[in-house]
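Right, one structure below, let's go through it.
In this note's numbering, the protein residues as written are 59 to 335.
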């Protein structure tokens, strides 16, 4: 057996990020071959990740990436077990790297993402990249949701890393600050739909029925109920529909009016919050 010295262990540790004793043991088992030892550690990491896969992942982080020139953007949600790991620098870096990968590769399908070659290191897959971090941090992690947009878009992640927003727009109006403000508005006010037409019909009918009964119970004349209902539902739409919500930074305008004045059309959005399906 080849003699295992401190320099060999140090080199493998720097390459793998794993504890010294794990590196030393792997070198001993591979007769001092660093490449073989590294592959052994990665295989063990995959096994460790599989064992941890059943653990609850209630914490996590949202990552984002936007390339305005290329017209590509993405946000991703990665879950872990504990809050300290969600704030771990390596975990945070990986989340942002994966957002960049999703944005630039043109994939964005969570079902097949793990099989893809990592764009910044094509010799490993996304699953192997994730397993390497699981092996180092010793906690279950999983990439749970990804959203990708092309064309003009913008992203925003709250400073806690718990909420992220991506929007797509058409038109040359407005600047980056405006789009960022709209993202922040969505993060804060949590609209349920972009416009009335996107709300589920059954939800609207339920609210109309409730509102109608409330008006009737208040003693209003029957011939006034429909007219009052229109105003009541308009206020309800103003709470739940993005384009009809009063803009968070200027409640004298709706988000729709703000965008119209800026000459830009919002085509879609997604809001992700850690742990919410």
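Beta carbons: idealized from backbone N, C-alpha and C, even for Gly.
Tell me whether the beta-carbon of residue i lies closer than 9 Å to the beta-carbon of residue j.
i           : j           : result
residue 138 : residue 169 : no
residue 135 : residue 119 : yes
residue 226 : residue 211 : yes
residue 249 : residue 303 : yes
residue 306 : residue 216 : no
residue 224 : residue 122 : yes
residue 148 : residue 191 : yes
residue 165 : residue 219 : no
residue 214 : residue 241 : yes
residue 325 : residue 133 : no
residue 221 : residue 301 : no
May I ask which residues mark the beginning and end of the alpha helix (DSSP H) holding residue i?
i           : result
residue 174 : No alpha helix (DSSP H) holds residue 174; DSSP gives it neither H nor E.
residue 83  : 78-87
residue 236 : 234-247
residue 67  : 64-74
May I ask you to list the residues that DSSP assigns as paired with residue i?
i           : result
residue 101 : In DSSP, residue 101 forms no bridge with anything.
residue 118 : 137
residue 326 : 226
residue 341 : Outside the shown range of the chain (59 to 335) lies residue 341, about which nothing can therefore be said.
Does the ligand FAD have even one heavy atom less than 8 Å from the beta-carbon of residue i?
i          : result
residue 86 : The ligand FAD is not part of the structure shown, which contains no ligands of any sort.
Three or more C-beta pairs under 8 Å: does that hold for the region 278-292 against the region 207-215? Counting Cβ pairs under 8 Å, fewer than three are found: no touch.
Within the region 184-221, ranges of the alpha helix (DSSP H) (whole runs, at least 4 residues): Considered as a whole, the region 184-221 harbours 184-195 as its complete alpha helix (DSSP H) runs of no fewer than 4 residues, in chain order.
Using 8 Å as the Cβ pair cut-off and three pairs as the minimum, do the region 316-323 and the region 264-277 touch? The region 316-323 is not in contact with the region 264-277.
Only counting runs of 3 or more residues, tell me where the beta strand (DSSP E) segments fall wholly within the region 272-316, in order along the chain. Counting only runs of 3 or more, we get 308-312.
Do the region 153-161 and the region 68-85 make contact, defined as three or more Cβ pairs closer than 8 Å? No, they do not touch.
Would you list, in sequence order, the uninterrupted alpha helix (DSSP H) runs of no fewer than 4 residues that lie entirely inside the region 121-163? For the region 121-163, whole alpha helix (DSSP H) runs of length 4 or above, ordered along the chain, are 141-144, 147-163.
Within 8 Å, do at least three Cβ pairs link the region 277-288 to the region 298-316? In this structure the region 298-316 does not touch the region 277-288; the number of beta carbon pairs closer than 8 Å is below three.
Per the contact definition of three or more C-beta pairs closer than 8 Å, is the region 159-166 in contact with the region 125-134? At 8 Å Cβ cutoff, the stretches touch.
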